[in-house]
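One structure is given below, encoded as structure tokens.
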Amino acid sequence: MELRLYNTLTKEKEVFQPLDPARVRMYVCGPTVYDFAHIGNARPVIVFDVLYRLLRHLYGEGKVKYVRNITDVDDKINARAAEEYPKLLLNEAIRLVTEKTEKQFHDDVDALGCLRPDVEPRATEHINEMRDLIERLVKAGFAYVGEEHVLFEVGKMADYGKLARRSLDEMEAGARVEVAPYKRNPMDFVLWKPSKPNEPGWPSPAGIKTPGRPGWHIECSAMSWKHLGETFDIHGGGIDLVFPHHENEIAQSRCAFHTPIMAKTWMHNGFLQVEGEKMSKSLGNFVTIRELLATKKFGDREWTGDVIRLSMLKTHYRQPLDWTVAALNESYSVINGWRRHLTSGGDYTMAFIEQNREQYETFLPAQDVVSSLLDDLNFSQAISALHKLARIDSVEAKQALFGSLQFLGILTFEEMASEQSFEELPISKEMLKARIAARNLARENKDWKKSDEIRDELKAMGVVIKDNKDGTTSWEIAR
RNA sequence: GGCCACGUGGCGGAGUGGUUACGUAGCGGACUGCAAAUCCGCGUACCCGAGUUCGAUUCUCGGCGUGGCCUCCA
9 MELRLYNTLT
19 KEKEVFQPLD
29 PARVRMYVCG
39 PTVYDFAHIG
49 NARPVIVFDV
59 LYRLLRHLYG
69 EGKVKYVRNI
79 TDVDDKINAR
89 AAEEYPKLLL
99 NEAIRLVTEK
109 TEKQFHDDVD
119 ALGCLRPDVE
129 PRATEHINEM
139 RDLIERLVKA
149 GFAYVGEEHV
159 LFEVGKMADY
169 GKLARRSLDE
179 MEAGARVEVA
189 PYKRNPMDFV
199 LWKPSKPNEP
209 GWPSPAGIKT
219 PGRPGWHIEC
229 SAMSWKHLGE
239 TFDIHGGGID
249 LVFPHHENEI
259 AQSRCAFHTP
269 IMAKTWMHNG
279 FLQVEGEKMS
289 KSLGNFVTIR
299 ELLATKKFGD
309 REWTGDVIRL
319 SMLKTHYRQP
329 LDWTVAALNE
339 SYSVINGWRR
349 HLTSGGDYTM
359 AFIEQNREQY
369 ETFLPAQDVV
379 SSLLDDLNFS
389 QAISALHKLA
399 RIDSVEAKQA
409 LFGSLQFLGI
419 LTFEEMASEQ
429 SFEELPISKE
439 MLKARIAARN
449 LARENKDWKK
459 SDEIRDELKA
469 MGVVIKDNKD
479 GTTSWEIAR
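This is how it looks when you write it as structure tokens:
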């Protein structure tokens with residue numbers, strides 16, 4: 009079976025063939041670290057995590073190199089740093105903000121079941137590569153200096169606009185921005201700009217005396233070059249990055265290296281809305297990953313990483329996705345069902361799984377799940393395959409389901425086998441067992457009134473009682 | 001204004017030129033002391049109009065609606 013991926017560059021699904029199967033290379037645009045990541049930021053992280061897992065499955069774990077950058081030089085970072093640490097030197101404040109935010113980001117996406125990329129380069133650690141690129145572009149005539157800025161001259165690149173499928177004429181006609189006086193063409197973009205005295209700055213390229221800082225796009229060209237080479241296989245990100253960010257990355261990299269491509273395959277995930285509306289701070293529907301995980305702000309309850317991840321994967325990655333409480337509730341039901349199915353009966357109790365963890369971690373994904381993903385990451389069909397597996401009550405089917413869930417990163421081992429938490433319940437585990445015993449005694453005496461009273465009492469505390477067919481009684485924490 | 005996506009059953013969401021995906025909610029039944037869980041069954045959907053076709057939800061054109069980009073927002 010071959011992997012087929014939709015390529016924004018050609019607008020077609022293409023058979024994916026890595027430039028070098030022994031070294032499959034993927035770059036994804038990562039976060040700008042100044043605040044908690046929101047749920048829209050989580051989508052590309054999860055989508056490309058699934059692709060990373062699939063590539064590792066196909067080519068081998070050591071054969072795939074996944075690079076996701078961390079943007080730590082940006083006006084928003086500067087503003088946040090000055091706001092939070094007004095008494096510190098700006099550079100010190102920036103360091104504190106970016107380090108703290110990076111930690112938050114990692115904690116959040118770890119909780120969503122995402123593997124760490126192989127490299128997470130920081131922009132500020134690649135200033136030399138950026139300067140190098142800029143020098144090459146100036147030397148080759150693709151860039152020029154104007155008022156201490158270095159600008160990329162879009163008219164010098166024949167293919168400019170190919171990714172976004174826009175001609176320069178169209179873009180200029182639609183432009184609504186005031187054009188800076190130092191630009192030769194309104195669409196020329198900044199590679200390097202002078203720093204104000206209180207801003208972070210580095211020695212400038214192209215003979216500029218004033219210290220400066222990089223433009224937005226150059227960092228990704230520099231970091232992908234450093235860690236993946238002049239050309240590589242896959243470049244991903246949100247669809248809003250197609251223009252101008254990715255278009256400009258392509259311009260920089262291709263013109264600096266004189267190559268026909270930067271990345272072979274360009275992939276973009278669709279946009280996310282919240283309850284049918286654009287997510288924005290002004291609408292008050294802005295929701296961060298952390299708020300979903302650790303507060304009751306969205307849907308009046310906390311959500312596990314599994315539920316968030318499944319909700320993200322229910323929709324094909326290129327489709328628009330509406331983030332709703334209803335969808336999270338549905339994911340919760342589905343995951344609960346799978347967990348129940350996997351841990352019910354015979355050898356599949358929680359305790360047994362815990363004891364045999366090593367063996368369980370070796371279970372492979374079902375072929376139907378993998379082949380669904382091979383078709384441009386058809387998540388919906390993969391999940392459909394999971395549902396079909398979950399209807400079969402056999403050891404083989406359960407192993408395949410477990411293996412598939414682990415492969416997709418949905419039901420992680422920890423979330424699968426962990427004891428349900430009593431922390432938030434107004435009853436201890438020992439007390440619960442005593443009440444269940446009391447109820448079963450009442451049932452033996454056919455004292456249904458008392459039996460039902462105890463069940464209602466426990467239900468009010470959030471514990472659902474189930475009398476199984478084999479005469480045992482089990483319980484589950486209700487939501 | 002320019003460019004580009006998307007519009008499927010109560011809800012979510014794949015897919016296909018003709019043959020009921022899947023899930024979730026709901027309803028009915030089995031099981032149960034009653035429940036829960038589970039199992040079985042049920043709904044007969046594809047924005048509107050025109051065209052192509054023997055036949056369109058699927059292709060083409062137009063319309064309407066929603067969203068994205070053109071403003072360093074994934």
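According to our numbering, numbering within the first sequence proceeds without interruption in unit steps and concludes at 487.
Where is the CB? At the ideal position from N, CA and C, for every residue including glycine.
- The alpha-carbon of Trp483 is positioned some 55 Å away from that of His134.
- In this structure, Trp233 lies away from Val198, with their beta-carbon atoms at least 9 Å apart.
- Taking Lys170 as reference, the option from Pro268, Val117, Glu338 and Ala445 with the minimal CA-CA separation is Pro268.
- Beta-bridge pairing by DSSP links Asp383 to Arg12.
- For His276, the enclosing beta strand (DSSP E) covers residues Ala271 to Asn277.
- By the neighbour-count definition (other C-beta atoms within 10 Å, threshold 16), Ile418 is a buried residue.
- His65: not part of any beta strand (DSSP E); member of the alpha helix (DSSP H) spanning Ile47 to Tyr67, first to last residue.
- Taking a contact to require three or more Cβ pairs closer than 8 Å, the region 52-65 and the region 243-254 qualify as touching.
- Between Thr132 and Val75, the C-beta gap is not smaller than 9 Å, which leaves the two residues out of contact.
- Around the C-beta of Ala374, 16 or more other C-beta atoms lie within 10 Å, and the residue is accordingly described as buried.
- Taking C-beta separations shorter than 7 Å and ignoring five residues to either side along the sequence, the partners of Val315 in its chain run Leu336, Ser339, Tyr340 and Ile343, following chain order.
- Cβ contact annotation for His114 (same chain, cutoff 8 Å, sequence separation greater than five): Arg124, in chain order.
- Annotated three-state conformation of Gly479 is coil, per DSSP.
- The continuous stretches of beta strand (DSSP E) do not include Trp311, and DSSP gives it neither H nor E.
- Cβ contact annotation for Ile435 (same chain, cutoff 6 Å, sequence separation greater than five): Met469, in chain order.
- Taking all protein chains in view, the Cβ of Trp346 is crowded by 16 or more other Cβ atoms within 10 Å, so the residue is classified as buried.
- Between Asn386 and Cys122, the alpha-carbon positions lie close to 18 Å from each other.
- Between the region 298-307 and the region 86-104 there are fewer than three C-beta pairs closer than 8 Å, too few to call the two in contact.
- The beta-carbon distance between Ala264 and Leu416, rounded to whole angstroms, is 38 Å. This is too long to meet the 8 Å contact definition.
- Put simply, the backbone Cα of Thr218 is about 10 Å away from that of Glu155.
- Of all alpha-carbon atoms in Asp383, Arg139, Tyr368 and Leu62, the one lying nearest the alpha-carbon of Ser229 is that of Arg139.
- By the Cβ-count criterion, Thr296 is buried, with 16 or more other Cβ atoms from all chains shown falling within 10 Å of its own Cβ.
- The beta carbons of Gly284 and Asp330 sit about 6 Å from each other, so the pair counts as a contact at 8 Å.
- Judged by beta-carbon spacing, Ala450 lies within the 9 Å limit of Lys458, meaning their Cβ atoms are closer than that value.
- The DSSP-derived three-state label of Val282 is strand.
- Taking 9 Å as the cut-off, the beta carbon of Ala398 is found no closer than this to the beta carbon of Asp376.
- Between the alpha carbons of Pro328 and Met320 lies a gap of roughly 11 Å.
- Taking the CA atoms as reference points, Asp383 sits about 16 Å from Arg64.
- Cβ-Cβ separation between Val146 and Val158: approximately 7 Å, consistent with a contact (criterion under 8 Å).
- According to the DSSP assignment, His157 belongs to the beta strand (DSSP E) that extends over His157 to Phe160.
- In this structure, the beta-carbon distance from Tyr67 to Pro29 falls below 9 Å.
- In the three-state reduction of the DSSP assignment, Thr106 falls in the helix class.
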